[in-house]
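Take a look at the structure set out below.
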Amino acid sequence: MRKFVNTSAILFCFIIFGIYKGQASPKYLEIEWKNGSEAAKKIMTSEFYYDPLDAWSPFGNDIGSDTYYLYSDWKKEHPKKDIKKFIDSQLSDFGYLGFDISMDGKDSERLTRIVRTMRNEYIDLNMIDNMIISLAFSQLFLEGKIDPEVKILAEAAFGRETVYLDFWGDEKKETKERKERAERMSKLLDDLRKA
5 MRKFVNTSAI
15 LFCFIIFGIY
25 KGQASPKYLE
35 IEWKNGSEAA
45 KKIMTSEFYY
55 DPLDAWSPFG
65 NDIGSDTYYL
75 YSDWKKEHPK
85 KDIKKFIDSQ
95 LSDFGYLGFD
105 ISMDGKDSER
115 LTRIVRTMRN
125 EYIDLNMIDN
135 MIISLAFSQL
145 FLEGKIDPEV
155 KILAEAAFGR
165 ETVYLDFWGD
175 EKKETKERKE
185 RAERMSKLLD
195 DLRKA
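Numbering (the working numbering), first residue to last: 5 to 199.
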């Protein structure tokens with residue numbers, strides 16, 4: 005009986021150690037400055053990048069956070085696949101596979117016409133743009149570089165978002181929020197171009 009108890013105690017310790025070890029080795033890199041690639045540490049220096057509650061950070065909004073984790077999984081499963089496959093799968097999930105993500109905000113009238121045909125208008129456009137912007141910064145954070153095509157698409161997303169700055173507060177009292185959004189977008193775009 006004593007051997008059984010000792011063996012059970014040892015077995016119990018191994019099980020507990022295995023559970024602890026499994027919990028101590030996370031599936032994803034926590035979005036913290038110290039975990040980023042060397043390039044990300046040099047470029048993504050502002051605290052907002054690592055604030056999970058900052059809706060204007062690439063990872064702080066729901067779509068941006070989801071994109072980071074979905075891309076992490078996708079990259080592990082498909083290390084050699086073209087990034088366009090990931091983007092297309094996300095656009096398909098959103099219901100906008102045919103959306104021209106290379107369109108920027110230079111032709112604001114055309115963009116406005118297209119956005120008016122979307123189910124939730126600007127909300128859906130913002131969802132697409134958040135995904136593209138988060139993807140660019142996810143690549144920088146995880147891999148130390150941004151795919152050239154993704155970088156171009158992210159710049160186009162910033163262009164589209166600029167057209168809709170008024171969405172973030174067109175009332176006089178909301179001018180501060182709109183200004184903060186414009187400043188944040190400018191900072192993100194500058195950092196994107198450094199990568």
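For every residue, glycine included, the Cβ atom is placed at its ideal position computed from N, Cα and C.
Notebook entry, point to check: Do you know how far the Cα of tyrosine 54 is from the Cα of asparagine 39?
Noted result: Between the C-alpha atoms of asparagine 39 and tyrosine 54 there is a straight-line separation of about 11 Å.
Check: Which runs of the alpha helix (DSSP H) spanning at least 4 residues fall entirely within the region 57-122, listed in chain order?
Finding: The region 57-122 is shown to contain whole alpha helix (DSSP H) runs of 4 or more residues at 66-81, 87-98, 112-120, in chain order.
Margin query: Am I right that glutamate 159 and leucine 196 are in contact with their C-beta atoms under 8 Å? What's the rounded C-beta distance?
Written below: Between leucine 196 and glutamate 159 the Cβ distance is about 7 Å, and since that is below 8 Å, they are a contact.
Notebook entry, point to check: Does the Cβ of tyrosine 126 have 16 or more other Cβ atoms within 10 Å, making it buried, or fewer, making it exposed?
Noted result: The residue in question, tyrosine 126, is buried, as its Cβ has 16 or more Cβ neighbours within 10 Å.
Next item on the list: Identify whether isoleucine 150 lies in helix, strand or coil by the three-state DSSP scheme.
Entry: In the structure shown, the three-state DSSP call for isoleucine 150 is coil.
Next item on the list: Using 10 angstroms around the beta-carbon of aspartate 111, count the other beta-carbons present and answer buried if the total reaches 16, otherwise exposed.
Entry: Label assigned to aspartate 111: exposed.
Note to self: In the DSSP assignment, the alpha helix (DSSP H) including glutamate 178 goes from what residue to what residue?
What the structure shows: No alpha helix (DSSP H) contains glutamate 178, which DSSP labels as neither H nor E.
Notebook entry, point to check: Three-state secondary structure (DSSP) at asparagine 124?
Noted result: Looking at asparagine 124 - three-state DSSP - the assignment turns out to be coil, as it is neither helix nor strand.
Note to self: Tell me the residue span of the alpha helix (DSSP H) that contains alanine 44.
What the structure shows: Segment 42-47, the alpha helix (DSSP H) holding alanine 44.
Next item on the list: Identify, in the order they occur along the chain, each residue of the same chain with its Cβ nearer than 7 Å to the Cβ of tyrosine 75, setting aside the five sequence neighbours on each side.
Entry: When the five nearest sequence neighbours on each side are left out, the beta carbons in the same chain lying within less than 7 Å of the beta carbon of tyrosine 75 are those of Phe90, Leu139, Ser142, in order along the chain.
Note to self: Determine, for glutamate 159, whether the minimum Cβ-Cβ distance to residues of chain D falls below 8 Å.
What the structure shows: Reference to chain D is not applicable here, since this structure consists of a single protein chain.
Checklist line | Beta-carbon contacts of isoleucine 67 that lie in its chain and below 6 Å, excluding the five residues immediately before and after | finding: Only Met131, Asn134, Met135 meet the Cβ criterion.
Checklist line | Buried versus exposed call for threonine 71 [16 or more other C-beta atoms within 10 Å across all chains shown] | finding: In summary, threonine 71 is buried, with 16 or more beta-carbon neighbours lying within 10 Å of its beta-carbon over all protein chains present.
Notebook entry, point to check: Buried or exposed: asparagine 124, going by 16 or more other Cβ atoms within 10 Å of its Cβ?
Noted result: It counts as exposed.
Item checked: Cutoff 8 Å; reference lysine 80; Cβ partners in own chain excluding five residues on either side -> So no residue of the chain qualifies.
Checklist line | Same chain, Cβ closer than 7 Å to glycine 109, neighbours up to 5 away in sequence not counted | finding: For glycine 109, where only same-chain residues beyond five positions count, the Cβ hits under 7 Å are Leu115, Gly163, Arg164, Thr166, Val167.
Check: Alpha carbon to alpha carbon, what distance is there between methionine 189 and serine 61?
Finding: Spanning the two alpha carbons is a distance of roughly 9 Å.
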